[in-house]
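In this note's numbering, the protein residues as written are -10 to 124. Built from N, CA and C at the ideal position, the CB exists for glycine as well. None of the values given here were measured: they were computed from a predicted structure.
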């Protein structure tokens, strides 16, 4: 299933932060959230302002969760680097037939796209949040 690319334009985010946030909003959960919020706004069940607040909280929560709660690490080897690009402090790598390993499994993936960026290059830092686990 192909989904349309969602943009952060008009959502109060700009520069390097917009590019970083786009990664989270284009995830399966991000696309589902935005589509659901759009439907709720269209039906009148939710105001556009409240929908915007939910999306902004999603952005903060994703940054926080990935920074503080993800401990899993993966390594990869072999495969073919098909294309690579470095633009605006963001690396995009397209790999084929690559072996990925973590503590539990090892698998060969026919196609992988890796998007990596340096959080230090983000112009507008995301306001930190605290969750119940961090308190």
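For residue j and residue i, the rounded distance between their alpha carbons
{"i": "residue 99", "j": "residue 79", "result": "23 Å"}
{"i": "residue 55", "j": "residue 19", "result": "14 Å"}
{"i": "residue -9", "j": "residue 120", "result": "With a pLDDT of only 40 at residue -9, under 50, the local geometry of the prediction cannot be trusted, and the value read off the model is given with reservation. Going from the Cα of residue -9 to the Cα of residue 120 covers about 33 Å."}
{"i": "residue 17", "j": "residue 97", "result": "22 Å"}
{"i": "residue 32", "j": "residue 69", "result": "48 Å"}
CB of residue i within 7 Å of CB of residue j, strictly
{"i": "residue 87", "j": "residue 101", "result": "yes"}
{"i": "residue 63", "j": "residue 89", "result": "yes"}
{"i": "residue 26", "j": "residue 40", "result": "yes"}
{"i": "residue 71", "j": "residue 85", "result": "yes"}
Interface flag, residue i vs chain B, CB-CB below 7 Å
{"i": "residue 25", "result": "Looking for chain B here will not work: only one protein chain is present."}
7 Å CB neighbourhood of residue i in its chain, flanking five on each side removed
{"i": "residue 91", "result": "61, 62 and 63"}
{"i": "residue 43", "result": "26"}
Cβ-based neighbour list, residue i, same chain, cut-off 6 Å, excluding 5 preceding and 5 following
{"i": "residue 82", "result": "73 and 103"}
Inter-stretch contact at 8 Å, needing at least 3 Cβ pairs: the stretch 37 to 53 / the stretch 11 to 29 = Enough Cβ pairs lie closer than 8 Å, so yes.
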